[in-house]
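Using our numbering, read the sequence shown as starting at -13 and increasing by one per residue.
Cβ coordinates follow ideal geometry from the N, Cα and C atoms, glycine included.
Below is one structure; the comments refer to it alone.
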Amino acid sequence: MKALYIQLEFELKRFKAEKNSIETIFIGGGTPSTVSPKLYEPIFKLLKPYLACGSECTSEANPNSATKEWLLGMWNLGINRISFGVQSFNNEKLKLLNRAHSPIQAKEAVCNAKEIGFENISLDLIYATLGDTKELLRHDIQTAFSLPINHISAYALTIEEGTPFESKPQMSKENLKLTSWIFKEIQAHGFEQYEISNFGKYKSRHNMGYWLYKDYIGVGSGAVGKLESQRYYPSAVLEEYIKNPLEIKSETLRDEDKKIEQTFLGFRSCLGVHGALLDKNEKVRADILVDENKLTEENGIYYNPDYLLADEITLFLSS
Ligand SMILES: C[S@@+](CC[C@H](N)C(=O)[O-])C[C@H]1O[C@@H](n2cnc3c(N)ncnc32)[C@H](O)[C@@H]1O
């Protein structure tokens, strides 16, 4: 946390951050709920003058470490949105995913957050895992909606390099029909789908900020920041980061990189893609998809009604 503080001071200068200019904060991980609120105090003290009025301040939390004391401590620091990494309310599935919490702990953590005063409460569910059935997923979704939440993120399990699952690729098993059913089931409970993985009565402004391609300061080992055409990578090796938090690698984003990223982010979300981003040929292709009702167009912006087709549409336009 001391190393992170040093990097944050540096980044606030690099980004020429002005008072009241930071719209959102997102504390992710790793597992933020394993760190005592006391250790976050200096960071919130440093950030306070830069925070815009009404800023959205989210922290992720794991049900087994997000105690009532921890939640209250973060609330008192100014966190006003909590995202619980629940993943499932099924015991066997939690074991399969090597999660350290139980379904009861997950329910208690959400209710504790509500009791403390959090209005913006989200939970994550993972699907497309080995052993998933409609019954299991229906129970996960119904249990989620029995809790005081206003947002759900549902992620298809991906096999990431350098993780234990890398040697168990069979763990990830997607069935697109089941995925479409999950999306409809969550929406049937009144949560709007505003991105391929995100649903809610509330749209997370931090997530939207990424998809609107806004600039963001990224601090901490393994974090990523973006300022105009520069992307910054502090060391993902914890010991190296602690030794020198200002050892930060960077990459320059070419216009083509930015365009591709903005295109698939736009088609994966409710934001759409502005026609000005597309060249003549891509516009012709986009209009073909409009004629085929695979895209809609309004005020020069192309919208994708089926987020599961986002990557195919992006590839089709640029092919
Ligand atoms: C993406 S962030 C959550 C952001 C949060 N949903 C929000 O709206 O603020 C962390 C979540 O990523 C998901 N996740 C982690 N590893 C994953 C993997 N390999 N495949 C799919 N989802 C994963 C887990 O659900 C984890 O709780």
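Distance cut-off 6 Å: residue i Cβ against heavy atoms of ligand 1
i: D110; result: yes
i: G71; result: yes
i: S139; result: yes
i: F238; result: Strictly speaking, residue 238 in this sequence is Thr, with Phe absent from that position. Not under cutoff, so the answer is no.
i: E178; result: no
i: L83; result: no
i: S74; result: no
i: L143; result: yes
i: E78; result: no
i: E160; result: no
i: E146; result: yes
i: S255; result: no
i: S45; result: no
i: S41; result: no
i: S190; result: yes
Under the three-state DSSP convention, the category residue i falls into
i: I112; result: strand
i: K189; result: coil
i: L213; result: strand
i: Y289; result: strand
i: F177; result: coil
i: I182; result: coil
i: F12; result: strand
i: S7; result: coil
i: N230; result: coil
i: Y26; result: helix
i: P150; result: helix
i: E225; result: helix
i: S158; result: strand
i: T17; result: coil
i: Y199; result: coil
N-terminal and C-terminal residue of the alpha helix (DSSP H) that residue i is part of
i: L164; result: L162 to A174
i: H125; result: K120 to F131
i: E55; result: K54 to L63
i: E298; result: A296 to S304
i: E101; result: P89 to I102
i: T249; result: D241 to F253
i: A(-11); result: K(-12) to R0
i: I274; result: K266 to D277
i: N77; result: N77 to L82
Alpha carbon of residue i to alpha carbon of residue j, nearest angstrom
i: C39; j: N6; result: 7 Å
i: L(-6); j: D126; result: 38 Å
i: N290; j: K229; result: 46 Å
i: I287; j: G258; result: 6 Å
i: W197; j: S22; result: 31 Å
i: S305; j: E247; result: 15 Å
i: L224; j: I274; result: 49 Å
i: E42; j: S69; result: 12 Å
i: S158; j: T144; result: 6 Å
i: S88; j: N77; result: 7 Å
i: G261; j: K269; result: 7 Å
i: K311; j: E171; result: The first residue shown for the chain is -13 and the last is 305, placing residue 311 beyond what the model contains.
i: D110; j: N184; result: 9 Å
i: F75; j: E46; result: 18 Å
i: D201; j: D243; result: 15 Å
i: L239; j: T282; result: 29 Å
i: S221; j: I65; result: 26 Å
i: V210; j: G16; result: 14 Å
i: V205; j: Y227; result: 10 Å
i: W167; j: K79; result: 19 Å
i: A272; j: P231; result: 44 Å
i: T129; j: K266; result: 48 Å
Residue i: first and last residue of the uninterrupted beta strand (DSSP E) it sits in
i: V72; result: R67 to Q73
i: C43; result: L37 to A47
i: S139; result: H137 to A142
i: G284; result: Reading off the sequence shown, one finds Glu at residue 284, where the question assumed Gly. That run of the beta strand (DSSP E) goes T282 to E284.
Neighbour flag for residue i against chain E, beta carbons, 7 Å
i: K(-1); result: Of the protein chains in the structure, only one exists, and it is not chain E.
Heavy atom of ligand 3 within 6 Å of residue i beta-carbon
i: K189; result: Inclusion of ligand 3 in the displayed structure is not the case, the ligand content consisting of ligand 1 alone.
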